[in-house]
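For the sequence shown, my numbering begins at 8 and goes up steadily by one.
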Amino acid sequence: MDYALRQALKQFDARRTEKLGPSESAVFTPDEKGAAMIADVFLPIAKYVIYGGHFHVECVKGDDWFGYDIKFNKIELYYHDEIEGGHIDPIMYHTNLHTPYYLKDRGIKTYPYYEFGALNLHTSGIDVCFENESKQYRASFLIRDFTVYDTKNGGVISKIKADPYSTHAFDWFFPNGINEATMKQLTWIEDIPYEQTEKRSVGQDVRQNVPLYDEHNKKIPQTQCQKKWQFIRVEE
Numbered sequence: 008m009d010y011a012l013r014q015a016l017k018q019f020d021a022r023r024t025e026k027l028g029p030s031e032s033a034v035f036t037p038d039e040k041g042a043a044m045i046a047d048v049f050l051p052i053a054k055y056v057i058y059g060g061h062f063h064v065e066c067v068k069g070d071d072w073f074g075y076d077i078k079f080n081k082i083e084l085y086y087h088d089e090i091e092g093g094h095i096d097p098i099m100y101h102t103n104l105h106t107p108y109y110l111k112d113r114g115i116k117t118y119p120y121y122e123f124g125a126l127n128l129h130t131s132g133i134d135v136c137f138e139n140e141s142k143q144y145r146a147s148f149l150i151r152d153f154t155v156y157d158t159k160n161g162g163v164i165s166k167i168k169a170d171p172y173s174t175h176a177f178d179w180f181f182p183n184g185i186n187e188a189t190m191k192q193l194t195w196i197e198d199i200p201y202e203q204t205e206k207r208s209v210g211q212d213v214r215q216n217v218p219l220y221d222e223h224n225k226k227i228p229q230t231q232c233q234k235k236w237q238f239i240r241v242e243e
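See the structure below:
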């Protein structure tokens with residue numbers, strides 16, 4: 008992952024520490040106040056991800072190469088404290104609530120933490136992860152809505168200007184599959200420094216297709232989680 012994007016994502020933990028203090032056992036409260044604090048911590052990072060840069064992809068086309076740029080229109084935050092009493096996000100895939108059976112069968116009860124900046128490819132799309140093992144929290148953002156531009160002429164090359172289908176990100180991020188070579192063809196290009204994007208504006212809304220959960224972490228049908236953890240581009 009590009010240095011500039013990594014540095015921006017590291018600001019999440021720095022801002023979290025400002026809110027909660029330096030203790031590794033500090034957590035956000037599991038209520039609306041905690042959810043609002045988490046959104047506030049992530050807000051400047053969201054502004055940078057939306058306005059501060061884009062992913063550039065080099066794609067093989069026959070014997071030729073061509074490039075395109077992916078800019079985000081909507082991203083969705085997912086955050087989960089693994090420490091008891093902290094803020095939980097039951098729908099988030101990569102948490103101890105969802106440790107797969109093949110690990111549990113081997114006595115592993117905790118989901119191993121991702122490397123900082125890892126991409127998590129799952130059934131809903133692609134997450135960019137910034138988890139912290141020492142402080143025992145999971146954090147990532149889902150690429151919810153994006154636009155693809157031709158690198159040479161700047162024209163939109165996706166069928167629709169804003170693609171609302173998060174799983175389509177697989178096709179655009181990895182047109183030649185996933186291996187060591189193709190990962191080098193995916194790079195973050197900074198357009199605006201982090202400090203300057205703080206002046207930009209984003210909208211906030213609830214996340215798409217995220218219900219409420221009961222005390223047993225079971226989905227409650229026909230409900231909507233009210234955490235305003237979707238961040239939306241409102242400026243060009």
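Yeah, the Cβ is synthetic: ideal placement off N, Cα and C, and Gly gets one too.
Once you ignore the five residues that flank residue i on each side, which residues in its own chain have a CB closer than 7 Å to its CB?
i	result
Lys142	Glu31
Met99	Tyr85, His87 and Arg145
Ile164	Tyr75, Val155, Tyr156 and Asp157
Ser208	Val241 and Glu242
His129	Tyr100
Asn224	Pro97 and Leu104
Report yes or no: is there a C-beta of chain E within less than 8 Å of the C-beta of residue i?
i	result
His105	In the structure shown, chain E does not exist; there is a single protein chain.
Leaving aside the five residues before and after residue i along the sequence, list all residues of the same chain whose C-beta is less than 6 Å from its C-beta, in chain order.
i	result
Leu219	Ile227, Thr230 and Cys232
Ile45	Phe35 and Tyr86
Gly41	Phe35 and His94
Tyr55	Ala15, Tyr201 and Thr204
Ala169	Asn80, Asp152 and Thr154
Lys255	Nothing about residue 255 can be reported from this structure: the residues present for the chain run from 8 to 243 only.
Glu140	Tyr120
Give every residue of the same chain whose Cβ lies closer than 8 Å to the Cβ of residue i, excluding the five residues on either side of it in the sequence, and list them in chain order.
i	result
Val213	Gln231, Cys232, Gln233, Lys234, Lys235, Trp236 and Gln237
Gln192	Val64, Glu65, Cys66 and Asn183
Glu89	Thr102, Asn103, Thr117, Gln143, Tyr144 and Arg145
Asp112	none
If distances are taken between C-alpha atoms only, which option among the options comes closest to residue i?
i	options	result
Ile52	Thr158, Asp76, Thr130 and Cys136	Cys136
Phe123	Ser147, Gln211, Tyr55 and Ile133	Ser147
Asp9	Gly161, His129 and Ala125	Ala125
Ile150	Lys168, Glu140, Lys159 and Phe177	Phe177
Arg22	Ala33, Ala11, Phe49 and Asp38	Phe49
Leu12	Asp112, Trp195 and Ala43	Trp195
Trp73	Asn127, Lys159 and Glu25	It is worth fixing the name first, because residue 73 is Phe in this sequence and not Trp. Ranking Asn127, Lys159 and Glu25 by Cα distance to Phe73 puts Lys159 first.
Gly92	Glu222, Arg240, Val241 and Glu242	Glu222
Ile133	Glu140, Tyr172 and Tyr120	Tyr172
Glu197	Pro119, Ile57 and Glu39	Ile57
Phe19	Asp47, Thr102 and His101	Asp47
Glu39	Asp96, Ala33 and Asp70	Asp96
Asn127	Lys206, Arg113, Gly162 and Phe180	Phe180
Thr174	Lys17, Gln211, Gly210 and Ser131	Ser131
Count the other CB atoms, across all protein chains shown, that sit within 10 Å of the CB of residue i; report buried if there are 16 or more and exposed otherwise.
i	result
Gly28	exposed
Lys116	exposed
Val217	buried
Glu242	exposed
Ile185	exposed
Glu83	buried
Glu25	exposed
Glu187	exposed
Considering only DSSP beta bridges, list what residue i is partnered with.
i	result
Ile77	Phe62 and Val155
Asn139	Tyr144
Tyr85	Ser147
Gln211	Phe238
Lys17	According to DSSP, which records beta bridges pairwise, Lys17 is partnered with nothing at all.
Thr194	His63
Tyr109	None; Tyr109 has no bridge partner.
Gly161	None, per the DSSP bridge assignment.
His129	Gly132
Lys226	Tyr220
- Task: May I ask you to verify whether the stretch 53 to 64 touches the stretch 103 to 120, counting CB pairs closer than 8 Å and requiring at least 3?
- Result: no
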